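Everything on this sheet refers to the single structure shown next.
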Amino acid sequence: MANTSSALKAARQTERRTIRNKSEKTRLKTLRKQFNAAVASDDKDAIKVSGPALSSAMDHATKTGVVHKNAAARTKSTVAKALN
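Number 91 marks the last residue of the sequence shown (our numbering); no jumps.
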């Protein structure tokens, strides 16, 4: 357990960030599963809907520091290939 007030505050901040990051990562996983299912079933309409949604979510996750920028770029590249 933290002993100083600054360590207590850091522990509280870490807890809040962990909750926020976990929900964002879960959302990304769900969007990725939806996109992969659409690609596997070759459903053009579902790909057109889920692809941009996944790319946008990746951009947001990168901006907030949840996902590394290269990981987001790799995912967005896969989405772009599927859309084209």
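Don't be surprised by glycine CBs; every beta carbon is placed ideally from N, CA and C. Just so we're clear, the structure is a prediction, and the values are computed from it rather than from any experiment.
With distances taken Cα to Cα, identify the nearest neighbour of residue i among the options.
i: Ser62; options: Lys88, Thr25, Leu15; result: Lys88
i: Arg81; options: Ala18, Thr71, Met65, Gln20; result: Met65
i: Pro59; options: Gly72, Ala78, His75, Leu38; result: Leu38
i: Thr69; options: Lys40, Asp52, Leu35; result: Leu35
Let me know the secondary structure DSSP gives residue i once reduced to three states.
i: Ala60; result: helix
i: Val46; result: helix
i: Ala9; result: coil
i: Asn77; result: helix
Keeping to the same chain, check which residues put their C-beta closer than 7 Å to that of residue i; ignore five residues upstream and five downstream.
i: Ala45; result: Ala53, Ile54, Ser57
Please list, in chain order, all residues of the same chain as residue i whose beta carbon is under 6 Å from its beta carbon, the five residues on each side excluded.
i: Ala9; result: Leu15, Ala18
If I measure Cβ to Cβ from residue i and keep anything under 8 Å in the same chain, skipping five residues before and after, which residues do I get?
i: Ala79; result: Met65, Asp66, Ala68, Thr69
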